[in-house]
Amino acid sequence: MFTDILHQTLCFFDTHSGAVTAVATVIIALFTVALSMVTGRQAEITKEALVNVERAFVFVKIIHATAVKDPHSRKITQWLFSAEWFNSGSTPTKDMRTCTNMMKVEGDIGILDQYDFMDMPGLEQSPTIVGPQSSILTGGVFITLDDALHMVAGNQRQFIYGWADYNDVFAGTPRHRTEFCNEIMFLGDPRREDCKIGTPLFKRFNGADGECFRKPGNAL
6 MFTDILHQTL CFFDTHSGAV TAVATVIIAL FTVALSMVTG RQAEITKEAL VNVERAFVFV
66 KIIHATAVKD PHSRKITQWL FSAEWFNSGS TPTKDMRTCT NMMKVEGDIG ILDQYDFMDM
126 PGLEQSPTIV GPQSSILTGG VFITLDDALH MVAGNQRQFI YGWADYNDVF AGTPRHRTEF
186 CNEIMFLGDP RREDCKIGTP LFKRFNGADG ECFRKPGNAL
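For what it's worth, the working numbering labels the leading residue of the sequence shown as 6, then goes sequentially.
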């Protein structure tokens, strides 16, 4: 019986060899196309993973506070606040710009729920670069001693906010943006250089890329 089945099978292939060859060719072609698509997608996934791990990612690591003194009396006249931008990636930024603002609020804090966080008129957008696993300080903003004393008394609140727009070094990737907003809080006597200062995150205008209020601007 087995011999008969084998004989019939061989006869079938002999009779229909052309059709069988055509079908086999189509199957091989389809398999080759499918393999090429899978291989191509795997290459895309590998590249995306590499970019996500290696690309520059910039955020504000800390807000620095520096007491500014009168050169003659050596008394504090104002405080300087600067954002330290840190790049956690393994590659540098390209065409990076930053801008830092200060916002003063007296009275109802609820107005901040509608605040649009626009850049103050006349502020310079500073071009810069941040290397891999490195940080830089960018242009600062000032709070006068009088304002600081009003803040301690609870009559005023001040916020530092800003952004950084930048490219990474990989071809075909979009321009990136990070926004930040921190409240400045004097937790001691601002007339003393050892005054403790808090800079908690504000509930709005903190995010990166798709989380931001605005899209990144063009490179210079």
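Think of the CB as a built atom: it goes at the ideal place given N, C-alpha and C, for glycine as much as any other residue.
Cβ atoms of residue j and residue i: under 8 Å apart, would you say?
i, j, result
"Ser131", "Trp90", "no"
"Val63", "Val135", "yes"
"Ile81", "Pro195", "yes"
"Phe207", "Glu188", "yes"
"Ala224", "Asp100", "yes"
"Ile165", "Met107", "yes"
"Ser87", "Leu142", "yes"
"Arg162", "Val110", "yes"
"Val146", "Thr204", "no"
Residue i: buried (16+ other C-beta within 10 angstroms of its C-beta) or exposed?
i, result
"Glu216", "exposed"
"Ile148", "buried"
"Thr30", "exposed"
"Gln138", "exposed"
"Glu198", "exposed"
"Thr71", "exposed"
"Ala153", "buried"
"Ala169", "buried"
"Arg79", "exposed"
Which stretch, first to last residue, makes up the beta strand (DSSP E) that contains residue i?
i, result
"His69", "63–74"
"Met107", "99–110"
"Ser139", "139–142"
Alpha helix (DSSP H) containing residue i: first to last residue?
i, result
"Asp118", "Premise fails: Asp118 is in no alpha helix (DSSP H) and is neither H nor E."
"His181", "Here His181 belongs to no alpha helix (DSSP H); instead the beta strand (DSSP E) covers 181–191."
"Ala153", "150–157"
May I have the straight-line CA-CA distance separating residue i from residue j, to the nearest angstrom?
i, j, result
"Phe218", "Met123", "10 Å"
"Leu85", "Asp121", "24 Å"
"Tyr171", "Leu192", "35 Å"
"Gly115", "Ala61", "36 Å"
"Ala158", "Val73", "21 Å"
If residue i and residue j are in contact, beta carbons under 8 Å, what's the gap, nearest whole angstrom?
i, j, result
"Thr183", "Ala213", "5 Å"
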